[in-house]
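Asks: Chains as they are written, first to last, in my numbering: chain X, 1 to 409; chain H, 1001 to 1207.
Note that beta-carbon positions come from the ideal geometry of N, C-alpha and C, so glycine has one too.
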């Protein structure tokens, strides 16, 4: 195992063994020395995981802090590295060292400096990419990470000032001279050209766009503040004045612009017959329909299915039953012979042969009940027999005698 | 795009980023907006937008008696909407625990609002007061039923759009920009006192 591999393993072990201390330093901003953690803190400081915060405290190094922020997608306000000039200076310095090593044929050093240059370029590219993406997220969510209006305004103002510095810094950079320095080293030239020189204007434009959005949002935030006051004040006013109605601004000579909206042109499959405004139109349409219909009817073939024939139906005369004819004769005779009692049984024996006496009596009784509603002159006497079951409540009728009383009777 | 957009404008709809993102982007292009306006001119209409250009709508080019009659109806509807919408905006500030009023693009989750209101009797009472407005009377007396009615009516009026039908996520539309504009106009021109005095605030808190 090489020395650098051993160093990496030692670093990872330390990170794992002292994860609680590192987390405490990250979340609280500082971790203080005591009798139990003194040794661990010293080791972490040696490994450049922690740095001094004050005399007794330690904090997470800037780079590790940024890495954790990024890994956890933390909403912490990230530091925008506006010191691009010094970054370029470092790069220039590393290129100089690389060229010296190259001229002196120190191959190992060349490789190290080349790797360092590559790391610097990618670091710068990553930082710009991450920051622009994070800023875009903040702007698009309208600083949803903070709740209050004051906080939103504070964050907005903060990022505007930082972005302005960053945009200005990129604009003032003249990194082309770096390319001139590495003209004879095509690998480094391509690296600088593709990963830095070409990308800087893109990032500059992107940051400028974000800056413009932030400025618009700052303006909107001021409006939001006014709106919040307006809503709360109006709600309070309406609670105090429940019957309030705004003045009829639609009746003014100059109607305010915002109420100038067209009446929706609604399309329905049918007309509303209750809408009086449509009355004349509907009449006009209805008249057209009548004319059209006549024309259409003239062309239509007669449909046999729906035809109605008017031929008179054959009438069928139903004869009265015989017993009803005989009853009619009996009752006519009674009515004709006023004051004369006529026995139903005697009439039956004389003129009716087909009906049993008991059925005949039932028919006479039923007919009398029906007729006496209209003719009160018909008087009936029931001729009963003593034969029968006593106390049964039943009466046995042997004859019915009808008599028609006179008008004076 | 052109025909669909025109149909929506002629139906009196507000075209905003929430209700019709593609249509809104289309109208943001001055050339496209000019084409739509030219077409509307033939009907004696024109393309108009809210004060912050957050929504487009069709307006009358000439205000004659017919147009005036239609505008009167629009204004009558605004009168109907005024009190409940103000009350809703104020209530949402309390519900969401925010010191900012809703803006176009903001989202409202039905389930989150329901949770807040069910856990807060004062909010539930406040929701109940919406029943005094004709369009908010609900057959269902539960908090859920009332909240459904509230958001449903605001959706029908065009202040909310349903962003997700399954999770019932609503989004505030650009029509609210028009409402704020009208509200501010009334406040300024009718001198409505919107600054609550300290005494009033104290008095209110005592109740």
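1) What span of residues does the alpha helix (DSSP H) with residue 1177 of chain H cover, start to end?
2) Looking at the structure shown, is residue 403 of chain X part of a helix, part of a strand, or coil, going by DSSP?
3) Is the distance from the Cβ of residue 1179 of chain H to the Cβ of residue 256 of chain X below 9 Å?
4) Please classify residue 1172 of chain H as buried or exposed, where buried requires at least 16 neighbouring CB atoms within 10 angstroms.
5) Give the interface partners of residue 187 of chain X over in chain H, defined as CB-CB distance under 7 Å, in chain order.
6) Would you check if there are 3 or more beta carbon pairs closer than 8 Å linking the region 1073-1093 of chain H to the region 204-220 of chain X?
7) State the DSSP-derived secondary structure class of residue 398 of chain X, mapped to helix, strand or coil.
8) Between which two residues does the beta strand (DSSP E) harbouring residue 384 of chain X extend?
9) Drop a sphere of 10 angstroms on the beta-carbon of residue 12 of chain X, count the other beta-carbons inside from all chains shown, and report buried for 16 or more, exposed for fewer.
10) Excluding the five sequence neighbours on either side, which residues of its own chain have a C-beta within less than 6 Å of the C-beta of residue 278 of chain X, listed in chain order?
11) Using the C-alpha atoms, what's the distance from residue 59 of chain X back to residue 26 of chain X?
12) Could you tell me if residue 1208 of chain H is buried or exposed, where buried requires 16 or more neighbouring beta carbons within 10 angstroms of its beta carbon?
13) Could you spell out the range, first to last residue, of the alpha helix (DSSP H) harbouring residue 1065 of chain H?
14) Whole angstroms are fine: how far does the CA of residue 120 of chain X sit from the CA of residue 108 of chain X?
15) Go ahead and pull the three-state DSSP assignment for residue 337 of chain X.
16) Between residue 258 of chain X and residue 1077 of chain H, is the Cβ-Cβ spacing less than 9 Å?
17) Strictly under 9 Å for the Cβ-Cβ distance: is residue 245 of chain X near chain H by that measure?
18) Using a Cβ cut-off of 9 Å (strictly closer), state whether residue 1123 of chain H contacts chain X.
19) Output the distance between the C-alpha atoms of residue 403 of chain X and residue 325 of chain X, rounded to the nearest integer angstrom.
20) Give me the residue from H:1065, H:1064 and H:1046 with the minimum Cα distance to residue 1057 of chain H.
21) Give the DSSP-derived three-state secondary structure of residue 375 of chain X in the structure shown.
22) Just to confirm my understanding: we take residue 79 of chain X, look at its own chain, exclude 5 residues before and 5 after, and list those with CB closer than 7 Å. What are they?
23) For residue 80 of chain X, which three-state DSSP category applies?
24) For the 8 Å Cβ check, are there 3 or more pairs between the region 1032-1039 of chain H and the region 1017-1024 of chain H?
25) Taking 9 Å as the threshold (beta carbon to beta carbon), is residue 1163 of chain H in contact with chain A?
26) Just to confirm my understanding: we take residue 77 of chain X, look at its own chain, exclude 5 residues before and 5 after, and list those with CB closer than 6 Å. What are they?
27) Give a yes or no on whether 9 Å exceeds the smallest Cβ distance from residue 263 of chain X to chain H.
28) Does DSSP classify residue 49 of chain X as helix, strand or coil?
29) Consult DSSP for residue 197 of chain X and reduce its assignment to one of helix, strand or coil.
30) Exposed or buried, what is residue 414 of chain X when buried is set at 16 or more other beta-carbons lying within 10 Å of its beta-carbon?
31) Who does residue 1016 of chain H pair with in a DSSP beta bridge?
32) Below 8 Å on the Cβ atoms is my guess for residue 48 of chain X versus residue 41 of chain X; work out the distance and round it to an integer in Å.
33) Please state the DSSP three-state secondary structure of residue 271 of chain X.
34) Taking 8 Å as the cut-off, does the region 391-400 of chain X touch the region 1143-1157 of chain H (at least 3 CB pairs, one atom from each stretch)?
35) Among the candidates H:1067, H:1104 and H:1150, whose CA atom is the shortest distance from the CA of residue 1129 of chain H?
36) From the DSSP output, which residues share a beta bridge with residue 1164 of chain H?
Replies: Well, looking at it:
1) Its alpha helix (DSSP H) spans residues 1175-1189.
2) It is a strand residue.
3) Going by C-beta atoms, residue 1179 of chain H is not nearer than 9 Å to residue 256 of chain X.
4) The residue in question, residue 1172 of chain H, is buried, as its Cβ has 16 or more Cβ neighbours within 10 Å.
5) The contacting residues do not exist; residue 187 of chain X stays about 44 Å from chain H at best.
6) Between the region 1073-1093 of chain H and the region 204-220 of chain X, the count of Cβ pairs shorter than 8 Å is below three; the stretches do not touch.
7) In the structure shown, residue 398 of chain X sits in a strand (DSSP, three-state: E or B).
8) Counted as a single uninterrupted DSSP element, the beta strand (DSSP E) harbouring residue 384 of chain X occupies residues 378-385.
9) Note on residue 12 of chain X: under 16 other CB atoms within 10 angstroms of its CB, so exposed under the neighbour-count rule.
10) Within the same chain, 271 come within 6 Å of residue 278 of chain X by CB-CB distance, once the 5 residues on both sides are set aside.
11) For residue 26 of chain X and residue 59 of chain X, the distance between alpha carbons rounds to 7 Å.
12) Because chain H spans 1001 through 1207 in this model, residue 1208 of chain H falls outside it and cannot be assessed.
13) Under the DSSP assignment, residue 1065 of chain H falls in the alpha helix (DSSP H) whose first and last residues are 1065-1095.
14) Taking the CA atoms as reference points, residue 108 of chain X sits about 19 Å from residue 120 of chain X.
15) In the structure shown, residue 337 of chain X sits in coil (DSSP, three-state: anything other than H, G, I, E or B).
16) No, they are not a contact pair.
17) Cβ-Cβ to chain H under 9 Å: yes for residue 245 of chain X.
18) Under the Cβ criterion of 9 Å, residue 1123 of chain H is not counted among the residues facing chain X.
19) So the alpha carbons of these two residues sit roughly 19 Å apart.
20) Of H:1065, H:1064 and H:1046, the residue nearest in Cα terms is H:1046.
21) Coil, per DSSP.
22) Residue confidence for residue 79 of chain X is low, a pLDDT of 43 falling below 50, so the modelled location carries little weight; the figure read from the coordinates is stated next. Apart from sequence neighbours up to five positions away, no residue of its chain approaches residue 79 of chain X with a beta-carbon distance below 7 Å.
23) Any reading at residue 80 of chain X must be qualified, since the residue scores a pLDDT of 44, below 50, and its modelled position is unreliable; the value itself is stated next. Three-state DSSP puts residue 80 of chain X in coil, outside helix and strand.
24) The region 1032-1039 of chain H is not in contact with the region 1017-1024 of chain H.
25) The chain labelled as chain A is not found among the protein chains of the depicted structure, namely X and H.
26) With a pLDDT of 36 at residue 77 of chain X, under the threshold of 50, the predicted position of this residue should be treated as unreliable, though the coordinate-derived value follows. Within the same chain, no Cβ atom closer than 6 Å to the Cβ of residue 77 of chain X is found once the five residues on either side in sequence are excluded.
27) At a cut-off of 9 Å between beta-carbon atoms, residue 263 of chain X makes contact with chain H.
28) Assignment of residue 49 of chain X by DSSP, reduced to helix, strand and coil, places it in the coil class.
29) Residue state, collapsed to three classes: helix.
30) Missing from the structure shown is residue 414 of chain X; chain X here goes from 1 to 409 and no further.
31) For residue 1016 of chain H, the pairing in a beta bridge is given by DSSP as H:1055.
32) Incorrect: roughly 13 Å between the Cβ atoms, too far for contact.
33) In the displayed model, residue 271 of chain X falls within coil according to three-state DSSP, outside both helix and strand.
34) Not touching, per the Cβ criterion.
35) Checking every option, the nearest Cα to that of residue 1129 of chain H belongs to H:1150.
36) Answer by DSSP bridge pairing, in chain order: H:1169.
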